[in-house]
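So the sequence shown is residues 739 to 974, counted in this note's numbering.
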Amino acid sequence: MKRIFGAKKEQPNAPTLEEATDNLTKRGDVLDEKIRKLDEQLLKHRDNIRKTRPGPAQQAAQQRAMAVLRQKKQYEQQRDQLYTQQYNVESVSYTMESMKDNVQTVQAMQAGAVQMKKLMKDNKELQVDNVYKVMDEMADLNAEFEEVTEAMASYSVPLDVDESDLMAELDALPDEDLLTEGAGTAGGVPAYLQDLGELGLPEAPSGMAAPTAPTGVPTMPAEEDMFGLPAAPQRN
């Protein structure tokens, strides 16, 4: 049958985005090289036009320069089209890479979710009810520990002494022990109530007498106000 109808030709594989980008880049480089060579020719034609006198020779040089310039414009247009195609292919490639990254991220998150579910299932300690139960037990233990601490702080050793024995010991103390001893007391009397002679202080000096009014000068009795104080002098 294959000899009659012929074998089916295999379809070539479609180029990948990377291959398409490489091909467009190579074609763009070829066009850039052609444009560069045409620029060199244009410089030479321009110099010839400047050197040639006006006339048929100068017109011929201008025609050759115009032909090269048209070819350059054509190559530049093709190069711009290639740049646009290359940009579109690279945009698709970037989108594909972003989609692959998103797929890998989602797969990693799914794997993590499966592991988390397995951990929650295998470890009953991570269940919510068990966690609340542990927290309640910790709170009860802390409260009980505080009660134990307060009970230990309030503990004291009682004195096994009879009150009548304490009173007998108090009555047996001598009287002088019950008096307050101090530098300013004598016989239990404060210093400000004692006689000056008992304190041993020196007597006031008697060598200077108080000044007296001169003899022969009559003294006028001082006037007093209603409160018994000397009245203020009045101005004439």
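The C-beta atom is built at its ideal place from N, Cα and C for all residues, glycine as well. Note that the structure is predicted; figures quoted are calculated from it, not measured.
Quick check on residue i: buried or exposed, where buried means 16 or more other Cβ atoms within 10 Å of its Cβ?
{"i": "A805", "result": "exposed"}
{"i": "V841", "result": "exposed"}
{"i": "L776", "result": "buried"}
{"i": "L908", "result": "exposed"}
{"i": "V827", "result": "buried"}
{"i": "E888", "result": "exposed"}
Less than 7 Å separating the beta-carbons of residue i and residue j?
{"i": "A798", "j": "H783", "result": "no"}
{"i": "I787", "j": "Q801", "result": "no"}
{"i": "L769", "j": "Y832", "result": "no"}
{"i": "L864", "j": "M873", "result": "no"}
Whole angstroms are fine: how far does the CA of residue j sit from the CA of residue i?
{"i": "G920", "j": "L911", "result": "Residue placement at G920 is poorly supported in this model, since its pLDDT is 49, which falls under 50; the coordinates still yield a value, given next. Between G920 and L911, the C-alpha separation is close to 19 Å."}
{"i": "I773", "j": "V852", "result": "60 Å"}
{"i": "L780", "j": "Q815", "result": "18 Å"}
{"i": "Q845", "j": "K856", "result": "17 Å"}
{"i": "E875", "j": "N861", "result": "19 Å"}
{"i": "S836", "j": "E757", "result": "19 Å"}
{"i": "N880", "j": "N868", "result": "18 Å"}
{"i": "S892", "j": "D878", "result": "21 Å"}
{"i": "D767", "j": "K789", "result": "34 Å"}
{"i": "L904", "j": "M890", "result": "29 Å"}
{"i": "M847", "j": "Y870", "result": "28 Å"}
{"i": "V830", "j": "T754", "result": "11 Å"}
{"i": "A849", "j": "D839", "result": "15 Å"}
{"i": "N751", "j": "K810", "result": "35 Å"}
{"i": "Q824", "j": "V866", "result": "56 Å"}
{"i": "V886", "j": "T843", "result": "54 Å"}
{"i": "E778", "j": "G793", "result": "24 Å"}
{"i": "E882", "j": "M854", "result": "36 Å"}
{"i": "M834", "j": "D785", "result": "52 Å"}
{"i": "R808", "j": "E771", "result": "16 Å"}
{"i": "D900", "j": "E884", "result": "35 Å"}
The segment 753 to 766 touching the segment 813 to 822, judged by at least three CB pairs closer than 8 Å:
yes
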